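Inspection log for the structure reproduced underneath, given as structure tokens.
Numbering (my numbering), first residue to last: 1117 to 1901.
Quick look at the structure:
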């Protein structure tokens, strides 16, 4: 007779490939299996044959479907269930990591802050399920999985399904559904009415185990343990751990009360009581919450992402506390899968965009806030550094068709958690989810939404999840600006459009990626501009209120088409639709720069930096404005700041070379240009430049470098502005003008800067130079600064 695993493999051969046994418990054996249809690993759990024989198969499968409806980031979802050749099975995602049991077996006792965090996250899952009248009935360390440092609860609804389906036959066999060491007295006595307070009791037992190193009641047999649950008082935890506050002993005692009515009504109440009492005495003298270790312990569960943000006109008050300036930390990925970074970053970016479009002021962008990823700085230190009153810790979750966002607000002075909430949805409703979270936050911080913002947030738009996921990948890679990453971004945006040809954000992203590719000098404008303009126009045809669409079209038409009147209208419209759109303000500042509206340019870049002070791109843009408006010392200071963050930043080295050229400090010119070339991966070019400078002197070295780039342009695209700059440094006006004219003929996007760049002042009076400015509809350089 075939073994159960052979029967299972044969019965499910068309759906799963059974790879190996990975666990065994009182109710089920667990196998690692490969889901053929979805190409993913799953944990396939097969009910013990003896237990399965006592339950009604059809009733069990009906009851387990209740668990399948649970949708929460801290609950491991039920993917499948059925009867395979008489064997009852169910499937859940296979989570890399370990169970709480594994960690307890290894460490014995856990740090108090870790125990609090795990308890808070399990409590969030229990509160959600109990609120839907679903009781777990078997909370124990084996059913708490630790993934990415966060807790996910498994086997929700299984114990109830077995109990209900087994009925009287289960009692007759003497089988106990549940785990004696963590089982409430009423569950042990077979009470008919079991509610969420039974889960509160079990969670109290698990917390006790994490602190003490063993469950609150032990004994030589299951019967002995169950009897102790019903009769014995719980021993104070502080007798074992002197660092435990007395208030925590009281909270545990209430959770483990013999009568359900004497316990906390919900798991959330238990978690909040434990957290509150933990503040009575720190784990160690002077201990402070740090970002890297995430011990701010609140019910973040897959998702406590609290964006509480405010501006000068928007104030959040709690009692006599006023919060005006908020920053959002990098999100916690509760799925913790290797390929999840672009998705997590994309969800973070998308949420910040929705907040900005609703008129909520956000300090810091997704890009610049990554400086705090895994940092050891405390909440107070970060708040002081950013000049904010509070911080938001977000959590995000995307597994299969389920997505979740959690938000938590933390006081920047006291490091106290002020508010937390979690939201979830099907992946097709992710845009609606962003807007739901945004609306909730706006309501909490009392933002007066404009009619336009109200209309935007009220609109619901279903999306193709595969298209949106590809779009998030594209957004992630387009922000890196390397040639390989921009090519990858373009591929992802095209994939998104293949999945949904009417997805406006993907058209806007595609447009911007092509514009960035030509601005970085990776592709010729003749290749990039038509695609960029067409994609942006299509984005706006599909969604005329899309800020990114207006930004993309303005950038493509302004810097590639040199139509700065149209560019200005588009950029102003993008900022109007999303006042917190820093990238649009930064690009607008440079449009104003080439139009020689210097004061306005500074105002726009300063505004971008007020809301995003550590954004390296914005800092570099301000440095360019300083240099081109004669504020040399400020420009040098700004670029030195940039290089401390990004040592080989190409814009910083390029502009510093220009500054040192005009100052006659030629060694510094060579050093900065060499660094720039090395960063671009052409170290041999940098070596040749240094060697020529030593042997030939500055002017001849610049001419030789220009000749080398000119020769390279015959085989591959080289931005004419790069060649023209080298000839300008060599003092060769004719060669400089010839290459600038080549840039004009090819519509090079960076050519408009020649009207303000000091290094081209030596050809200001040349009619050929003035014709170039006139052809780009730019003010004459002779107008002065």
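Idealized CB from N, CA, C, for every residue including glycine. Keep in mind the model is a prediction, meaning the values are calculated, not measured.
Looking at 1223, 1148, 1508, 1803, the one whose alpha-carbon comes closest to that of residue 1442 is 1508.
Following the DSSP letters along the chain, one finds residue 1526 in no alpha helix (DSSP H) but inside the beta strand (DSSP E) bounded by residues 1518-1527. In this structure, the beta-carbon distance from residue 1520 to residue 1505 does not fall below 8 angstroms.
Across the set 1350, 1335, 1608, 1344, the C-alpha of 1350 shows the shortest separation from the C-alpha of residue 1328. The residue among 1332, 1338, 1343, 1344 with its C-alpha nearest the C-alpha of residue 1353 is 1332. By the 16-neighbour rule on beta-carbons within 10 angstroms, residue 1201 is exposed. Separation of residue 1386 and residue 1241 (C-alpha to C-alpha, rounded to the nearest whole angstrom) is 13 angstroms. Short of 8 angstroms from the beta carbon of residue 1842, and not among the five residues preceding or following it, lie these beta carbons of its own chain, in chain order: 1818, 1819, 1821, 1822, 1825.
Judged by their CB atoms, residue 1872 and residue 1752 are not nearer to each other than the 8 angstroms cut-off. Looking at the backbone, the Cα of residue 1479 and that of residue 1515 are separated by about 29 angstroms.
Remark: fewer than three beta-carbon pairs, one from each stretch, lie closer than 8 angstroms, so the stretch 1133-1151 and the stretch 1224-1239 are not flagged as touching. The C-beta distance from residue 1641 to residue 1863 rounds to 4 angstroms, short enough to meet the 8 angstroms contact threshold. If you draw a 10 Å sphere on the C-beta of residue 1138, you find fewer than 16 other C-beta atoms in it, and that means exposed. DSSP places residue 1827 within a helical segment (H, G or I) once states are collapsed to three. For residue 1159, the uninterrupted beta strand (DSSP E) segment begins and ends at 1156-1163. If you compare the alpha carbons of 1856, 1764, 1467 with that of residue 1834, the shortest gap goes to 1856. Comparing alpha-carbon positions, the option among 1522, 1394, 1788, 1212 lying closest to residue 1237 turns out to be 1522. A distance below 8 angstroms between beta-carbons, with the five flanking residues on each side excluded, links residue 1688 to the following residues of its chain, in chain order: 1704. By alpha-carbon distance to residue 1356, the top candidate from 1577, 1324, 1348 is 1324. Judged by their CB atoms, residue 1789 and residue 1769 are nearer to each other than the 8 angstroms cut-off.
Of the other Cβ atoms in all chains shown, fewer than 16 fall within 10 Å of the Cβ of residue 1375; this residue is therefore exposed. Residue 1550 and residue 1466 have their C-alpha atoms roughly 8 angstroms apart.
Judged by DSSP secondary structure, residue 1470 falls within the alpha helix (DSSP H) whose first and last residues are 1457-1473. Note on geometry: alpha-carbon atoms of residue 1844 and residue 1879 lie some 9 angstroms from one another. For the stretch 1610-1689, the continuous alpha helix (DSSP H) assignments of 4+ residues that do not extend past its boundaries occur at 1620-1635, 1641-1658, 1663-1671, in sequence order.
In its chain, beyond the 5 residues on either side, 1631, 1634, 1641, 1644, 1645, 1648, 1649, 1863, 1865 have a beta carbon closer than 8 angstroms to the beta carbon of residue 1676. DSSP places residue 1199 within a strand segment (E or B) once states are collapsed to three. Cβ-Cβ distances below 8 angstroms link residue 1667 to 1624, 1628, 1686, 1687, 1690, 1697, 1699, 1700, 1703 in the same chain, with the five nearest sequence neighbours on each side left out; the list follows chain order.
Look at the beta carbons and you see the stretch 1260-1272 touching the stretch 1189-1197: at least three pairs across the two are nearer than 8 angstroms.
The residues 1728, 1730, 1731, in chain order, have a CB closer than 6 angstroms to that of residue 1484 in the same chain once the five nearest residues on each side in sequence are set aside. Cβ atoms of residue 1874 and residue 1744 come within 8 angstroms of each other, at about 7 angstroms.
The beta carbon of residue 1794 sits closer than 6 angstroms to the beta carbons of 1802 from its chain, once the five residues preceding and following it are set aside; these are given in chain order.
Inclusion of residue 1474 and residue 1565 in the CB contact set at 8 angstroms is warranted, their separation being smaller than that value. For residue 1638, same chain residues with a beta-carbon under 7 angstroms away, outside a window of 5 residues either side, are 1599, 1602 in chain order.
By the Cβ test, the stretch 1563-1582 is not in contact with the stretch 1485-1503, since fewer than three Cβ pairs between them sit closer than 8 angstroms. Residue pairing by DSSP places residue 1139 opposite 1146 in a beta bridge.
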